[in-house]
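For reference, the structure is listed below as structure tokens.
In the UniProt record's numbering, the protein residues as written are 1 to 664.
Now the structure itself:
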């Protein structure tokens, strides 16, 4: 095989021969041809004799063959022009899009990618063409700066080859843009964010002191693997080498903060990871992590308590699981709750309640609310509504919001020992879901919805008090704008119904996994009764009483959604019940700072559903209680006044009730 110098010299000599007498004739003949004709032009000598340029260009050795056989023949001149066109098209296609480019490429075959052309070139061959010929084809001009020239020369050669590593880094991105794309005329695309610099540390470039810190971090990482039995030694015999994955260390600096959240230093962090890209089954193996959901965890713990499975005290996702003597299972996060700190604010800053929060304060607010949200979704449902409301205020946070976050930290610390209890005694169980919505209570005017699903005894439908275990809960902003409180209630009822059906089906499958046909889920759901509970009388009337097409509602969209809920209740054997606000467990999941009732209920693990045929709300009950108290007070005052007036008339007491008989 020819060396680089020989190939370059031979090609240069052949190009110089083109300047002879025959060059103007043959070169002009080739250059006046259309590219589509040049593609179909046949080669009349060599190994590609009888093939068109387009056919020959598909062979990997074509570029090398052209570089070693160029001569002043017309066919070879055509091959050279065709090759120049390919390189010109490759270097310019990055700056053009399908809709905007109307050059001669429309009549030509799709150009080979630059990377593919370079792969076809042998390592010791550089293909060179004249600048003047490249420019005549409309290609990019020579860059003197790139090749170290002080002046640009028309007779110089442009080398199309890989640059040595370290001189220049080039990133080539191909964006396929259709003519109908709204961005088809855009010439420049920009990233939304700057590429972040990797935080990984090169340990070889560190001083001796820092290297010692990382050695300690490596030892700590290995000790954690060994102490938790995460690894074991296996025999290498019989294992193919290609199935053995490599490992590597990742070294980073981790920031150390003081109790106020201010950085005070850094410490070395070393992680040992597998090179997953080396896995031979990378494209076929199931890469999804088997992570247990909150519903799955609660369902398993509820089943373990009712079946009286024996458990040990364990820790799972910062949750302490403990089994009592009666087989009840308690889940708490006391250590995690006490470890959440407040946002550091001095007395002067606390007085500036209307001032906007600084970026650092907003960052601390997000961090603390994230920790609170983790506890809320794991073991403290009563925190969720307040956390959700405060998370919606982060972008426009003021000092007053920061004080609310600190108040929330103190509130959850007061109930640090409170958690969830999964009781053992309800055997004949059913799924019950409480749903509620709070209209336009968030700062942006949107509504908040909440639901909590319990596993209770079937006797609760007859007004009896029942023990319960919590299966799942949620509190979030309603996605659609609600025009009224009824609209918000209906929207949340639909969301709660979806969650209710999923929980119900999940529990049925856990009880009888081999007797369920998931191809007919409605038949499975109809096999057991369940209940959906709301404190909205309009929703209850629409589901249970009204039979007209519009359900006597002014908001037709809400009526359509309620009709869908009504149909689904009948298909899945789900009953609907109305309760007053003081029995609505989901009320604490829609309003901030209203979770005290839910905290007490979760501690007692007992609740009842009392149906009031008169549909008297909780507010009305309180008002009636006050009126009765006032009526009794007025009656007593009137009787006392009559008694004093009688004694005054008889002269036994004065007008103020003092005894005057002794004075006479």
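For every residue, glycine included, the Cβ atom is placed at its ideal position computed from N, Cα and C. Fair warning: this is a prediction, and the values are worked out from it, not measured in the lab.
Under 7 Å between C-beta atoms of residue i and residue j
i, j, result
"residue 407", "residue 430", "no"
"residue 422", "residue 601", "no"
"residue 416", "residue 357", "no"
"residue 270", "residue 214", "yes"
"residue 387", "residue 363", "no"
"residue 496", "residue 590", "no"
"residue 369", "residue 376", "no"
"residue 530", "residue 574", "yes"
"residue 254", "residue 262", "no"
"residue 581", "residue 588", "no"
"residue 665", "residue 462", "Outside the displayed span of the chain (1 to 664) sits residue 665, for which this structure offers no information."
"residue 451", "residue 586", "yes"
"residue 576", "residue 532", "yes"
"residue 592", "residue 389", "yes"
"residue 318", "residue 336", "yes"
"residue 551", "residue 559", "yes"
"residue 308", "residue 280", "no"
"residue 325", "residue 252", "no"
Residues bridged to residue i [DSSP beta-bridge criterion]
i, result
"residue 476", "449"
"residue 455", "431 and 469"
"residue 323", "329"
"residue 532", "433 and 576"
"residue 616", "Answer by DSSP bridge pairing: none, since residue 616 is not bridged."
"residue 267", "254"
"residue 248", "273"
"residue 438", "448"
"residue 622", "DSSP lists no partner for residue 622."
"residue 42", "52"
Whole-angstrom C-beta distance between residue j and residue i, which should lie under 8 Å
i, j, result
"residue 409", "residue 342", "5 Å"
"residue 449", "residue 499", "Not really, about 11 Å apart at Cβ, beyond 8 Å."
"residue 382", "residue 599", "5 Å"
"residue 399", "residue 355", "5 Å"
"residue 420", "residue 314", "With a Cβ gap of about 15 Å, residue 420 and residue 314 do not count as contacting."
"residue 333", "residue 379", "5 Å"
"residue 502", "residue 299", "That pair is no contact at about 11 Å."
"residue 418", "residue 603", "6 Å"
"residue 522", "residue 571", "5 Å"
"residue 567", "residue 535", "22 Å between Cβ atoms; not a contact."
"residue 402", "residue 361", "6 Å"
"residue 432", "residue 454", "5 Å"
"residue 672", "residue 47", "This structure cannot speak to residue 672, because the chain is shown only from 1 to 664."
ask   = Residue ranges of each alpha helix (DSSP H) run of no fewer than 4 residues wholly in the region 551-612, ordered along the chain?
value = 556-571 and 596-604
Cβ pair count under 8 Å reaching 3, the region 465-476 against the region 531-542 = no
request  = Would you check if the region 546-556 and the region 471-489 touch, i.e. whether three or more CB-CB distances between them fall below 8 Å?
outcome  = Three or more beta-carbon pairs separated by less than 8 Å link the region 471-489 to the region 546-556, which places the two stretches in contact.
task = Count the CB pairs spanning the region 428-448 and the region 613-622 that are closer than 8 Å, and state whether there are at least three.
result = no
Touching by the beta-carbon criterion (3+ pairs, under 8 Å), the region 271-288 and the region 247-258 = yes
In chain order, each beta strand (DSSP E) run of at least 3 residues that lies wholly inside the region 276-327 = 314-316 and 319-323
request  = Indicate whether the contact test is met: 3 or more Cβ pairs, each with one atom in the region 603-615 and one in the region 555-574, closer than 8 Å.
outcome  = No: fewer than three Cβ pairs fall under 8 Å.
ask   = Can you give, in chain order, each stretch of the alpha helix (DSSP H) that sits fully within the region 349-430 and has at least 4 residues?
value = Within the region 349-430, the complete alpha helix (DSSP H) runs of at least 4 residues are 359-378, 384-391 and 399-414.
key: alpha helix (DSSP H) segments (min. 4 residues) lying fully within the region 205-246   = 208-227
task = Could you name each continuous beta strand (DSSP E) segment of 3 residues or more that falls completely within the region 489-539, going from the start of the chain to the end?
result = 530-534
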